[in-house]
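> I have a structure I would like to understand better, so I am pasting it below and will then ask my questions one at a time.
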Amino acid sequence: MESEEDIKMEGQFRELIVRQREMADEWKSAGGKVVGHFCNYVPEEILHAGGVLSIRILGSHGHIARADAHVQTYVCKLIRSSLDMGLVGELDYLDGVIIPYTCDGMRLLFDLWTKNVKQGFVHLLDLPLIVKGDIGRNRFEGAVIQLKKSLEDYLGKSISEEALSISIRVYNENRALLRELYNLRRNVGGMISNIESLEAVLSSLTSPKELHSDLLRRTILERSKSTAHDEAAPGAPMVRLHVSGSLVTDSRYYQIIEDCGGLVVSDDLCTGTRYYWDDVKEDTHPLKAITNRYLDKLPCPCKSPSEERYQFVLDSLRQDDVQGVIFVLERYCDPHLYDYPFLRKKVESMGIPVLQIDAELGLSGVEQLRTRIQAFIEIVRGG
Amino acid sequence: MDKIKPRQSKRALETSYEAAQILRAYWSDIHSAKEMGKPIAWASGVVPTELLYAFDILPAYPENYGAVCASKDLALPLCQMAMSKGFSTDLCSYALINFGDIFWEGPGKPEMPFGGLPAPPDLLITTRIPCLVQIKWWEVIRERYNCPMIVLDAPMTDGQATKEQIDYVADQLKQVIVQLQDFTHSRFNEARFLKALTLSDQAGACWHEITDLRGAVPCPVGSREMCGNVFPLVAQLGTQIPVDFYRKLRAELERKVAAKTGAIPVERFRLMFDNIPLWYNLELLSYVEQFGAIFVFETYLRYVWGGRINMSDPYRGYAEKLMSDVWLNMSLEQRIKTLIRDVRKYKIDGVVFHSNRSCKRFSLGQYELKEALEQELGIPSLIIEADHSNPGGYSESQTKLRIDAFLELLEERRRC
Numbered sequence: 001m002e003s004e005e006d007i008k009m010e011g012q013f014r015e016l017i018v019r020q021r022e023m024a025d026e027w028k029s030a031g032g033k034v035v036g037h038f039c040n041y042v043p044e045e046i047l048h049a050g051g052v053l054s055i056r057i058l059g060s061h062g063h064i065a066r067a068d069a070h071v072q073t074y075v076c077k078l079i080r081s082s083l084d085m086g087l088v089g090e091l092d093y094l095d096g097v098i099i100p101y102t103c104d105g106m107r108l109l110f111d112l113w114t115k116n117v118k119q120g121f122v123h124l125l126d127l128p129l130i131v132k133g134d135i136g137r138n139r140f141e142g143a144v145i146q147l148k149k150s151l152e153d154y155l156g157k158s159i160s161e162e163a164l165s166i167s168i169r170v171y172n173e174n175r176a177l178l179r180e181l182y183n184l185r186r187n188v189g190g191m192i193s194n195i196e197s198l199e200a201v202l203s204s205l206t207s208p209k210e211l212h213s214d215l216l217r218r219t220i221l222e223r224s225k226s227t228a229h230d231e232a233a234p235g236a237p238m239v240r241l242h243v244s245g246s247l248v249t250d251s252r253y254y255q256i257i258e259d260c261g262g263l264v265v266s267d268d269l270c271t272g273t274r275y276y277w278d279d280v281k282e283d284t285h286p287l288k289a290i291t292n293r294y295l296d297k298l299p300c301p302c303k304s305p306s307e308e309r310y311q312f313v314l315d316s317l318r319q320d321d322v323q324g325v326i327f328v329l330e331r332y333c334d335p336h337l338y339d340y341p342f343l344r345k346k347v348e349s350m351g352i353p354v355l356q357i358d359a360e361l362g363l364s365g366v367e368q369l370r371t372r373i374q375a376f377i378e379i380v381r382g383g
Numbered sequence: 001m002d003k004i005k006p007r008q009s010k011r012a013l014e015t016s017y018e019a020a021q022i023l024r025a026y027w028s029d030i031h032s033a034k035e036m037g038k039p040i041a042w043a044s045g046v047v048p049t050e051l052l053y054a055f056d057i058l059p060a061y062p063e064n065y066g067a068v069c070a071s072k073d074l075a076l077p078l079c080q081m082a083m084s085k086g087f088s089t090d091l092c093s094y095a096l097i098n099f100g101d102i103f104w105e106g107p108g109k110p111e112m113p114f115g116g117l118p119a120p121p122d123l124l125i126t127t128r129i130p131c132l133v134q135i136k137w138w139e140v141i142r143e144r145y146n147c148p149m150i151v152l153d154a155p156m157t158d159g160q161a162t163k164e165q166i167d168y169v170a171d172q173l174k175q176v177i178v179q180l181q182d183f184t185h186s187r188f189n190e191a192r193f194l195k196a197l198t199l200s201d202q203a204g205a206c207w208h209e210i211t212d213l214r215g216a217v218p219c220p221v222g223s224r225e226m227c228g229n230v231f232p233l234v235a236q237l238g239t240q241i242p243v244d245f246y247r248k249l250r251a252e253l254e255r256k257v258a259a260k261t262g263a264i265p266v267e268r269f270r271l272m273f274d275n276i277p278l279w280y281n282l283e284l285l286s287y288v289e290q291f292g293a294i295f296v297f298e299t300y301l302r303y304v305w306g307g308r309i310n311m312s313d314p315y316r317g318y319a320e321k322l323m324s325d326v327w328l329n330m331s332l333e334q335r336i337k338t339l340i341r342d343v344r345k346y347k348i349d350g351v352v353f354h355s356n357r358s359c360k361r362f363s364l365g366q367y368e369l370k371e372a373l374e375q376e377l378g379i380p381s382l383i384i385e386a387d388h389s390n391p392g393g394y395s396e397s398q399t400k401l402r403i404d405a406f407l408e409l410l411e412e413r414r415r416c
């Protein structure tokens with residue numbers, strides 16, 4: 001049984017998501033700047049060190065009002081809906097936007113944004129494709145230095161090494177807490193719901209980090225205490241699942257999985273481990289350490305080589321005693337769609353069943369999806 | 001709209017007939033080379049082909065081969081096979097054709113043109129200059145054949161590449177040379193490489209002159225025929241073949257232009273085509289000619305293949321050529337500037353944009369280009385929805401109706 005306090009706690013990450021705009025306004029009222037960004041290759045630590053609240057832009061689940069006049073419909077929903085948000089003024093509260101060259105669509109989004117969404121600080125983080133070797137590293141470092149310089153010009157102040165070191169610690173702490181929560185949900189089944197674990201990450205992407213870390217700490221403490229007293233939940237044990245893909249922003253996916261008896265114990269998502277798996281080293285030159293972290297982080301399929309990503313997924317499956325994998329594939333997301341058949345084959349060769357869900361950010365066809373997930377979980381149970 | 005007596009199906013230029021011979025010879029050579037144990041690289045478009053030739057590695061082009069398969073109506077079964085292997089229908093149809101080929105299982109495989117791509121490849125070489133998709137596609141090929149892969153990265157440019165951008169690509173080219181030495185166990189022969197670059201530059205220069213000669217009024221040769229003439233530039237830069245072929249083509253064009261001989265009897269409208277052509281329906285490009293319209297310029301032919309190389313600084317000049325003169329690697333702002341310039345230069349009356357669901361990198365931004373044309377030059381344009389290789393979902397009759405209406409519009413504007 002969940003206690004009232006648990007329910008209250010559970011809603012708190014969601015509340016941060018709901019209050020995102022309000023928090024940004026408060027930040028601005030206090031004299032700070034708020035800058036949006038895409039993907040998880042933008043070194044937010046630099047923004048934080050400049051006193052900027054960084055907001056990850058995650059698109060919307062609604063219909064597209066104006067973007068279809070600027071971009072074809074065979075582009076992913078993240079790009080289309082985010083551009084739409086920019087065009088209709090939903091992002092007017094942002095003082096700027098940073099767009100990294102990750103995939104082709106993102107790179108061209110920068111051009112479309114510059115041309116159509118008038119906004120203060122619009123910056124292209126011109127990242128290399130290859131993250132191994134000196135040439136790629138130097139190029140990456142150059143892009144990070146350029147970002148810092150442009151931001152300093154925009155803010156009219158320099159960002160000190162000391163400020164960077166503090167921000168690195170703040171971000172590392174948040175990542176460490178997210179990993180702790182991840183490990184807890186793996187190890188202590190049912191301690192945290194699917195939705196809450198997703199919302200914990202989603203809220204981290206848009207909230208002031210200190211505030212978010214504080215909530216994470218309290219949640220982990222509370223849950224550890226209450227789980228110790230709880231009896232095992234009655235009924236069939238939950239089926240342990242891994243979710244693979246790019247973005248999951250609609251918590252109903254996780255709700256349906258849970259309703260059907262599935263527990264998401266691990267993931268490789270941009271809104272999951274790919275965001276918080278790696279830390280910035282605290283014992284070296286801060287900007288260099290930041291560069292290295294983003295170069296060496298768990299790679300997105302936009303980066304080459306991709307073996308490390310495959311390895312991470314397969315390792316997750318081994319460590320977590322995962323019983324099934326759900327691929328949530330965003331339509332028109334080429335990098336993931338090219339990787340999918342092989343990754344699927346590798347997973348299946350481990351004897352783990354796979355379900356593929358085609359997504360366009362927001363969930364449509366709830367009941368149909370429920371039926372598919374239900375059938376999948378039955379297969380996993382039966383196997 | 002009145003039809004003008006259709007021209008005979010023969011080509012406008014005698015030299016164009018040689019393109020087919022060059023293509024056949026290329027395929028025959030590459031299969032013989034494979035049999036003799038010479039290394040074959042499967043190469044993306046816009047890779048440093050000249051370097052491969054300098055190392056005696058013959059490049060085969062799965063992308064170009066996809067276009068060949070599409071032109072022979074083989075795309076559908078191959079794409080379907082790829083989809084049955086888990087590849088999304090939304091991926092680039094060039095890639096799907098290739099996946100259908102290399103993962104084909106069971107009976108019923110179509111007879112592949114030119115004896116098929118020489119498989120397995122000994123080496124893979126790819127680049128992000130046209131698109132990230134190339135890298136992802138090549139990673140799949142690598143999974144299939146487990147062979148070494150070389151990757152060249154480049155940033156998109158605002159027209160002229162910056163010093164840092166050129167350095168970045170030039171540094172990688174030097175690394176590619178080391179990788180090729182390791183692969184071939186042979187020393188890099190710089191003189192041979194510089195010779196290849198010189199030949200490439202000569203072919204590129206000639207190609208630019210050909211493009212300009214097509215700017216003459218009346219235009220001496222239309223798009224459809226020129227699409228068949230681009231292959232040596234795609235696959236053979238760095239060899240003598242494109243230099244000889246394009247010099248001959250240029251000479252013939254010069255004679256046509258001097259004599260004011262147009263490709264069509266009466267040239268009333270000059271059109272531009274943007275994006276990769278519909279390889280399964282190239283006839284669309286010549287369809288307009290019966291109405292006195294002709295495609296005289298194509299972004300795909302001018303800004304993807306060939307280019308000048310600053311030979312006084314060959315490595316950096318080569319890097320600059322690879323990343324700067326390619327439409328796909330231009331920022332939107334640069335595409336707009338280039339389009340406006342070329343519409344004026346080639347006296348274009350209207351532009352047909354192929355919104356190509358298989359090529360996001362080419363297609364994104366077309367709505368902005370359309371608007372810029374209208375606003376800055378008052379030039380009308382038409383967007384047709386299709387795919388460069390997969391004919392599924394494409395309606396030829398609907399597209400022709402839209403082109404008819406567009407030509408009517410041009411007619412009306414001329415009357416006003």
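Residue numbers (full-length UniProt numbering), protein chains in the order written: chain X, 1 to 383; chain B, 1 to 416. All residues carry an ideal CB built from backbone N, CA and C; glycine is no exception.
Tell me the residue span of the alpha helix (DSSP H) that contains Ala25/B.
It spans 16-35 - the alpha helix (DSSP H) in which Ala25/B sits, taken as one unbroken run.
> Against chain X, with Cβ distances strictly below 7 Å, would Leu382/B count as a contact?
No, because no Cβ of chain X sits closer than 7 Å to the Cβ of Leu382/B.
> Can we say the stretch 248-262 of chain X touches the stretch 209-219 of chain X, given the rule of at least three CB pairs closer than 8 Å?
Not touching, per the Cβ criterion.
> Where DSSP assigns a beta bridge to Pro242/B, which residues make up the other side?
Pro242/B is not bridged to any residue.
> At which residue ranges does the stretch 183-233 of chain B contain complete alpha helix (DSSP H) runs of 4 or more residues, listed in the order of the chain?
You should have 190-213, 223-227.
> How many whole angstroms separate the CB atoms of Ile336/B and Leu369/B, which I take to be in contact at a CB cut-off of 8 Å?
That pair is a contact at about 6 Å.
> Just the Cα atoms here: how many angstroms apart are Asp279/X and Pro286/X?
Going by the C-alpha atoms only, they are around 12 Å apart.
> Below 8 Å on the Cβ atoms is my guess for Leu58/B versus Ile40/B; work out the distance and round it to an integer in Å.
So it is a contact: roughly 5 Å between Cβ atoms.
> Going residue by residue through the stretch 93-126 of chain B, where are the continuous alpha helix (DSSP H) segments of at least 4 residues, counting only ones entirely within it?
Those alpha helix (DSSP H) runs which fall completely within the stretch 93-126 of chain B and span 4+ residues are 93-102.
> Looking at Leu123/B and Pro155/B, is the spacing between their C-beta atoms short of 7 Å?
Contact: no.
> Sorted by chain position, which residues of the same chain lie with C-beta nearer than 6 Å to Val68/B's C-beta, five sequence neighbours on each side aside?
The answer, listed in chain order, is Pro113.
> Whose C-alpha, out of Ala24/X, Val347/X, Glu307/X, Asp283/X, is nearest the C-alpha of Gly96/X?
Of the candidates Ala24/X, Val347/X, Glu307/X, Asp283/X, the one whose C-alpha sits nearest the C-alpha of Gly96/X is Ala24/X.
> Report buried or exposed for Tyr17/B, applying the criterion of at least 16 other Cβ atoms within 10 angstroms of its Cβ.
Result: exposed.
> How long is the line joining the alpha carbons of Leu269/X and Gly245/X, rounded to whole angstroms?
Going by the C-alpha atoms only, they are around 5 Å apart.
> From Lys115/X, Tyr182/X, Ser204/X, pick the residue whose C-alpha is nearest to that of Asp123/X; which is it?
The sequence given here has His at residue 123/X, not Asp. Ranking the options by Cα distance to His123/X, first place goes to Lys115/X.
> For the alpha helix (DSSP H) that contains Gln255/X, what are its first and last residues?
Segment 252-259, the alpha helix (DSSP H) holding Gln255/X.
> Helix or strand or just coil, what does DSSP make of Asp267/X?
Correct three-state label for Asp267/X: strand.
> In its own chain, which residues sit with a C-beta less than 7 Å from the C-beta of residue 418/B, not counting the 5 before and 5 after it?
Residue 418/B is absent from the model: chain B starts at 1 and stops at 416.
> Applying the criterion that 16 or more other CB atoms from any shown protein chain within 10 Å of the CB defines a buried residue, is Thr206/X buried or exposed?
So Thr206/X counts as buried.
> Does Gly96/X come out as helix, strand or coil in the three-state DSSP assignment?
Gly96/X: strand per DSSP, three-state reduction.
> Which residues, in chain order, does the stretch 60-74 of chain X contribute to contact with chain B at a C-beta distance below 8 Å?
Listed by position, the residues of the stretch 60-74 of chain X near chain B (Cβ gap below 8 Å) are Ala69, His70, Val71, Gln72, Tyr74.
> Under 7 Å between C-beta atoms, does Ile168/X make it to chain B?
No, Ile168/X lies away from the interface with chain B (no Cβ there is under 7 Å from its Cβ).
> Which residue marks the beginning of the beta strand (DSSP E) containing Met272/B, and which one marks its end?
Start and end: 269-274.
> Residues in the same chain with beta-carbon distance under 6 Å from Tyr382/B, minus the five sequence neighbours each way, listed in chain order, please.
Going by the sequence as given, residue 382/B is Leu instead of Tyr. Excluding sequence neighbours, Leu382/B sits near Val352, Phe406.
> With a threshold of 6 Å on Cβ separation, who are the neighbours of Gly50/X within its own chain once the five nearest residues in sequence on each side are excluded?
Taken in chain order, the residues that qualify are Leu151, Leu155, Ile159.
> Suppose contacts are defined by Cβ-Cβ distances below 7 Å. Is Leu253/B in contact with Pro220/B by that definition?
Contact: yes.
> Is it buried or exposed, Lys256/B, if we count other Cβ atoms within 10 angstroms and call 16 or more buried?
Lys256/B should be labelled buried.
> Taking Cβ-Cβ distances below 7 Å as the criterion, which residues of the stretch 361-374 of chain B are in contact with chain X?
Within the stretch 361-374 of chain B, the residues whose Cβ lies closer than 7 Å to some Cβ of chain X are Arg361, Ser363, Leu364, Gly365, Tyr367, Glu368, listed in chain order.
> Do Asn229/B and Asn356/B have their C-beta atoms within less than 7 Å of each other?
Result no, Cβ atoms of Asn229/B and Asn356/B do not sit closer than 7 Å.
> Specify whether the stretch 190-202 of chain B and the stretch 307-327 of chain B touch according to this definition: at least 3 beta carbon pairs, one from each stretch, less than 8 Å apart.
The stretch 190-202 of chain B vs the stretch 307-327 of chain B: in contact.
> Count Cβ pairs between the stretch 25-38 of chain B and the stretch 284-298 of chain B that sit closer than 8 Å; are there 3 or more?
No, the stretch 25-38 of chain B is not in contact with the stretch 284-298 of chain B.
> Could you tell me the distance, in whole angstroms, from the CA atom of Pro130/B to the CA atom of Arg192/B?
Roughly 26 Å between the two C-alpha positions.
> What's the C-alpha gap between Asn40/X and Tyr275/X?
In a straight line, the C-alpha of Asn40/X is about 6 Å away from that of Tyr275/X.
> Do you know offhand how far Ile150/B's Cα is from Gln175/B's?
Each residue's alpha carbon lies about 10 Å from the other.
> Can you check which of these residues, Gly116/B, Phe87/B, Met81/B, Phe103/B, is closest to Tyr65/B by C-alpha distance?
Out of Gly116/B, Phe87/B, Met81/B, Phe103/B, Gly116/B has the C-alpha closest to the C-alpha of Tyr65/B.
> Mind checking if Arg139/X is an interface residue toward chain B, Cβ cutoff 7 Å exclusive?
Taking Cβ atoms only, chain B reaches closer than 7 Å to Arg139/X, which makes this a yes.
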